Amino acid sequence: MKTTPRSFLRFALVLLAIVILWEGGRAVFNVSPLVMPGVLSVLSSLGTALASGEILHQLAFSFSLIGMGIGIGAGLAVLALIIGAQSRVAAEVMGTVASLFHPLPGIALLPVVILWFGVGKMAIVVIIVHSVFWPLLTNLQAGYRSVSPTYHLVGRNLEMSPTSFAVRIAAPATVPYILAGLRIAWARSWRALISAEMIFGAVAAHGGIGWFLHTRRVFMDTAGLFAGILVVMLVGSLVERVVFGFVERSTIDRWGMNG
Amino acid sequence: MADSAEALSVLNIVKRYGDHLVLPGVSLSVGAREIVCLLGPSGCGKSTLAKIAASLLEPDDGTVRVNGVPVTAPDANRFMIFQEQDQIFPWKTALGNVTFPLRLDGVPDWRARGIETLREVGLEAAAEKYPHQLSGGMRQRVALARAFAMRPSVLIMDEPFASVDASLRFDLQDLLVRLVAEHSQAVLFVTHEIDESIRLAERIVVMSDDGAVTGEHTVPIDRPRDARSPVGSRLAHALFEQLSEHPSR
Ligand SMILES: Nc1ncnc2c1ncn2[C@@H]1O[C@H](COP(=O)(O)OP(=O)(O)OP(=O)(O)O)[C@@H](O)[C@H]1O
Ligand SMILES: [Mg+2]
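Residue numbers (our numbering), protein chains in the order written: chain A, 2 to 260; chain B, 786 to 1034.
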């Protein structure tokens, strides 16, 4: 979706409505700030967490885990795609395995992962890899199958090696599928990461954003808790709209490949 | 009929799809500086034969020769323009598409040559546009420019002017004739338009519904040609008669 003045205005109006309802509800029902803190105290708590650098550190930590997970997951998915391209049987077996694992939420694997990898950074990365690998593999395979037979003819006519064809023709032709896969991968890994961090607690000197939420609840810092939720929402939609929006505008929108 | 030492020749090509015998043993040849049109009704096997001639499809029997040497693998010096509409890449600009094979081939002046070729097909203003911003006929000209820019010794063109208007088609036909003379290319040109074959071809090979070659005509008209000249009209009439004969199956 494009950020137009109109969509920005709509966004601002929705925010304003939420704030009015929130504050109105607090006043009318006389709710304790421990249950529903005031918007101002949430904002000031957010400001403190931002100013102290705490929340930024934790975000950075969370992103380093996601980056690692997506990197490993994407690498494995490409590897699996290449293996699948060599043998039909391998591709079919992988398709079946993917159809079993694809719907499995990463967090459901947590007990097993703890059993095998212990409680630590490694376990979270494994969960993220799981969240990234299957949707990406499924999309890459669908993309690979969708590469036009005419492109294969052109590639053969130009005497391209399989690698050259994969890089110069198959990869760009598959970009819509790659992006769709990455979108799902991001959404799943972001959710899995926060859940895992909340369950594990701090796995390093400073935890991630999930750990931030967890500690606010433990300290009954409700304003901080809502500040954390705000950050999770904002970061999630920022990545989806700004990062993916930008990548899509500069690739598939520009090429007219967005369906 | 087919001289095997010609630039391109196909000899006794047989091709089946399952039980369907598409090509029952077809031979034809194209010399350097020669345009041979393959004329035939829809579905008679022209594209099948063209892909076999480019070694992009394996025949069940028969051989393809380039300069008399049997070949089985495709090469960029025997360049095919496909009938399929999706042969250019949507992620590359018109210029990017045209220069793609040149850059693969390591042609040093690829950029200049790409721009020059786009100009020849009347697309210099569209060089930086992406295919989805171009009309069907413009996309077809991008595919044409991509092939012309490579200056292959053999060009195999499968109905390359199908979606351009009549006057542009005339210009592109003249361009093809000029380029063939300049670069001594051999061209196998697939079409189902009688007038087009008369304007372009040194020889016209007629295929019938059952995939057999039923006739071969040299075109005795000086260039630049007028397909409506008396000789052209007579030839057109003869070709029309030949194309309307339906073989008993
Ligand atoms: N991949 C395929 N599998 C099965 N049959 C095919 C295949 N490709 C072509 N055919 C059949 O072979 C015959 C010849 O097809 P071809 O595309 O060569 O015809 P054509 O002369 O190029 O027709 P047109 O002028 O419409 O392009 C047709 O009957 C078609 O149905
Ligand atoms: Mg055809």
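Note that the Cβ used here is the ideal one computed from N, Cα and C, for glycine as well. Predicted, not measured: the structure shown is a model, and the values here were computed from it.
Sheet register partners of Glu1001 (chain B) (DSSP bridge)
Residue 1001 (chain B) sits at position 216 when you count from the first residue of the second sequence. Answer is B:Val990.
Show which residues of chain B have a CB atom less than 8 Å away from the CB atom of Lys257 (chain A).
Within the first sequence, residue 257 (chain A) is the residue found at index 256, counting from 1. Just to set this straight, residue 257 (chain A) is Gly in the shown sequence, not Lys. Residues of chain B passing the Cβ test: Pro875, Tyr915, Pro916, His917, Gln918.
What's the C-alpha gap between Val90 (chain A) and Leu80 (chain A)?
By one-based count along the first sequence, residue 90 (chain A) stands at place 89. By one-based count along the first sequence, residue 80 (chain A) stands at place 79. When rounded, the distance between both Cα atoms is 16 Å.
When you compare each of B:Ala986, B:Ser840, B:Gly1017, B:His1022 to Leu823 (chain B) by their alpha carbons, which one comes out closest?
Locating residue 823 (chain B) in the second sequence gives position 38, counting from the first residue. Looking at the Cα atoms, B:Ala986 is the closest of the given residues.
Length of the line joining the Cα atoms of Val155 (chain A) and Gln872 (chain B):
In the first sequence, residue 155 (chain A) corresponds to position 154, counting from 1. In the second sequence, residue 872 (chain B) corresponds to position 87, counting from 1. Rounded to the nearest whole angstrom, the C-alpha separation of Val155 (chain A) and Gln872 (chain B) is 7 Å.
Same chain only: Cβ atoms within 7 Å of Pro844 (chain B), ignoring 5 sequence neighbours per side
As a working mapping, residue 844 (chain B) is identified with position 59 in the second sequence. Taking C-beta separations shorter than 7 Å and ignoring five residues to either side along the sequence, the partners of Pro844 (chain B) in its chain run Ile798, Val799, Lys800, Ile837, following chain order.
Need the endpoints of the alpha helix (DSSP H) that Ser33 (chain A) sits in, please.
For the purposes of this step, residue 33 (chain A) is taken as residue 32 along the first sequence, with counting starting at 1. First-last for Ser33 (chain A): undefined, no H or E at that position.
Contact between the segment 179-189 of chain A and the segment 132-139 of chain A is defined here as three or more beta-carbon pairs at a separation below 8 Å; is this criterion met?
Taking 8 Å as the limit for Cβ pairs, the verdict is that the segment 132-139 of chain A does touch the segment 179-189 of chain A.
When DSSP labels each residue in this structure, what does Arg850 (chain B) get in the three-state scheme?
Along the second sequence, read from residue 1 onward, the residue named residue 850 (chain B) stands at position 65. Under the three-state reduction of DSSP, Arg850 (chain B) is assigned to strand.
For the structure I just gave you, are there three or more beta carbon pairs, one from the segment 157-166 of chain A and one from the segment 213-224 of chain A, closer than 8 Å?
Proximity of the segment 157-166 of chain A to the segment 213-224 of chain A falls short of the contact definition, fewer than three beta-carbon pairs being nearer than 8 Å.
Assuming Val949 (chain B) and Leu940 (chain B) make a contact with CB atoms under 8 Å, what is their CB distance in whole Å?
By 1-based counting over the second sequence, the position of residue 949 (chain B) is 164. By 1-based counting over the second sequence, the position of residue 940 (chain B) is 155. 17 Å between Cβ atoms; not a contact.
If you measure between the beta carbons of Leu842 (chain B) and Leu159 (chain A), is that distance less than 7 Å?
By one-based count along the second sequence, residue 842 (chain B) stands at place 57. By one-based count along the first sequence, residue 159 (chain A) stands at place 158. Contact flag unset, no.
Taking the straight line between their C-alpha atoms, what separation do you get for Val821 (chain B) and Asn259 (chain A)?
As a position in the second sequence, residue 821 (chain B) is number 36, starting the count at 1. As a position in the first sequence, residue 259 (chain A) is number 258, starting the count at 1. Spanning the two alpha carbons is a distance of roughly 40 Å.
If Ile108 (chain A) sits next to Ala172 (chain A), beta carbons under 8 Å apart, how far is it from one beta carbon to the other, in whole angstroms?
Taking the first residue of the first sequence as position 1, residue 108 (chain A) is located at position 107. Taking the first residue of the first sequence as position 1, residue 172 (chain A) is located at position 171. The distance from the Cβ of Ile108 (chain A) to that of Ala172 (chain A) is about 32 Å, inconsistent with a contact at the 8 Å cut-off.
So for Ala974 (chain B), helix, strand or coil by DSSP?
Here residue 974 (chain B) corresponds to residue number 189 of the second sequence, with the count starting at 1. A small fix is needed here, since residue 974 (chain B) is Phe in this sequence, not Ala. Here Phe974 (chain B) sits in strand by DSSP.
Same chain only: Cβ atoms within 6 Å of Ala197 (chain A), ignoring 5 sequence neighbours per side:
Against the first sequence, residue 197 (chain A) aligns to sequence position 196. When the five nearest sequence neighbours on each side are left out, the beta carbons in the same chain lying within less than 6 Å of the beta carbon of Ala197 (chain A) are those of Ile125, Ile128, in order along the chain.
Any heavy atom of ligand 1 nearer than 5 Å to the CB - residues listed:
Cβ atoms closer than 5 Å to ligand 1 belong to B:Tyr802, B:Val807, B:Ser827, B:Gly828, B:Cys829, B:Gly830, B:Lys831, B:Ser832, B:Thr833.
I'd like to confirm the pairing. Which residues does DSSP put opposite Met942 (chain B) in its beta bridges?
On the second sequence, position 157 is the one that residue 942 (chain B) refers to. Per DSSP, B:Ile866, B:Phe974.
Would Val883 (chain B) and Gly899 (chain B) qualify as a contact pair, given that the criterion is a beta-carbon distance under 7 Å?
Residue mapping note: residue 883 (chain B) aligns to position 98 of the second sequence, counting from 1. Residue mapping note: residue 899 (chain B) aligns to position 114 of the second sequence, counting from 1. Less than 7 Å separates the beta-carbon of Val883 (chain B) from that of Gly899 (chain B).
Check whether the Cβ of Gln925 (chain B) lies closer than 6 Å to any heavy atom of ligand 2, and answer yes or no.
Here residue 925 (chain B) refers to the residue found at position 140 when the second sequence is read from its first residue. No; taking the cut-off as 6 Å, the Cβ of Gln925 (chain B) has no heavy atom of ligand 2 nearer than that.
Per-residue burial, His131 (chain A) [other beta carbons within 10 Å of its own, 16 or more giving buried]:
Reading the first sequence from its first residue, position 130 is the one you call residue 131 (chain A). Buried is the call here.
With DSSP as the reference, identify every bridge partner of Ser794 (chain B), one or two as the case may be.
Translated into the one-based positions of the second sequence, residue 794 (chain B) becomes position 9. In the DSSP assignment, the residues bridged to Ser794 (chain B) are B:Ser814, B:Arg850.
For Val892 (chain B), which residues of its own chain have a beta-carbon under 8 Å away from its beta-carbon, when the five flanking residues on both sides are left out?
In the second sequence, the residue the question calls residue 892 (chain B) occupies position 107. Arg898, listed in sequence order.
What does the Cβ neighbour count give for Ser1033 (chain B), buried or exposed, with the cut at 16 atoms within 10 Å?
Position 248 of the second sequence, counted from the first residue, corresponds to residue 1033 (chain B). No answer about Ser1033 (chain B) holds up, because its pLDDT of 46 lies below 50 and its placement is not dependable.
Out of curiosity, what's the CA-to-CA distance linking Pro6 (chain A) and Leu16 (chain A)?
As a first step, residue 6 (chain A) must be located in the first sequence, where it is residue number 5. As a first step, residue 16 (chain A) must be located in the first sequence, where it is residue number 15. Whole-angstrom Cα-Cα distance: 15 Å.
Mind checking Ser1018 (chain B): buried by the 16 CB within 10 Å criterion, or exposed?
Counted from its first residue, the second sequence places residue 1018 (chain B) at position 233. With fewer than 16 other Cβ atoms inside 10 Å of its own Cβ, Ser1018 (chain B) counts as exposed.
State the DSSP-derived secondary structure class of Val807 (chain B), mapped to helix, strand or coil.
Within the second sequence, the letter at position 22 stands for residue 807 (chain B). Val807 (chain B) falls in the strand class under three-state DSSP.
Residue of B:Leu808, B:Ile1006, B:Met992 minimising C-alpha distance to Phe1025 (chain B)
As a first step, residue 1025 (chain B) is located in the second sequence; it is residue number 240 there, counting from the start. For the residues B:Leu808, B:Ile1006, B:Met992, the minimum Cα distance to Phe1025 (chain B) belongs to B:Met992.
Enumerate in chain order the residues of its own chain whose CB-to-CB distance from Asp1011 (chain B) is below 7 Å, with the five nearest sequence positions on each side excluded.
Working through the second sequence from its first residue, we reach residue 1011 (chain B) at position 226. Closer than 7 Å at the Cβ level, and outside the excluded window around Asp1011 (chain B), lie Gly1017.
I need the straight-line Cα distance from His988 (chain B) to Arg931 (chain B), nearest angstrom please.
Reading the second sequence from its first residue, position 203 is the one you call residue 988 (chain B). Reading the second sequence from its first residue, position 146 is the one you call residue 931 (chain B). The identity of residue 988 (chain B) in the sequence shown is Arg, whereas the question assumes His. The alpha-carbon atoms of Arg988 (chain B) and Arg931 (chain B) are separated by roughly 25 Å.
Give a single yes or no on whether Gln918 (chain B) has its beta carbon closer than 6 Å to a heavy atom of ligand 2.
Taking the second sequence and counting its residues from 1, one reaches residue 918 (chain B) at position 133. Answer for Gln918 (chain B): no, Cβ out of range of ligand 2.
Take Ala879 (chain B) as the anchor and find which of B:Ser938, B:Gly922, B:Glu1030, B:Ala951 has the nearest alpha-carbon.
As a first step, residue 879 (chain B) is located in the second sequence; it is residue number 94 there, counting from the start. For Ala879 (chain B), the nearest C-alpha among the options comes from B:Gly922.
Taking only three categories from DSSP, how would you classify Arg255 (chain A)?
As a position in the first sequence, residue 255 (chain A) is number 254, starting the count at 1. Look at Arg255 (chain A) here: in three-state DSSP terms it is helix.
Close beta carbons around Asp980 (chain B), own chain, < 6 Å, minus the five adjacent residues each side
Residue numbering aside, residue 980 (chain B) sits at position 195 when the second sequence is read from its first letter. Within the same chain, Asp980 (chain B) has close Cβ partners Ala1012.
Can you find a heavy atom of ligand 2 that lies under 6 Å from the Cβ of Gln868 (chain B)?
Counting from 1 along the second sequence, the entry for residue 868 (chain B) is found at position 83. Gln868 (chain B) Cβ: within cutoff of ligand 2.
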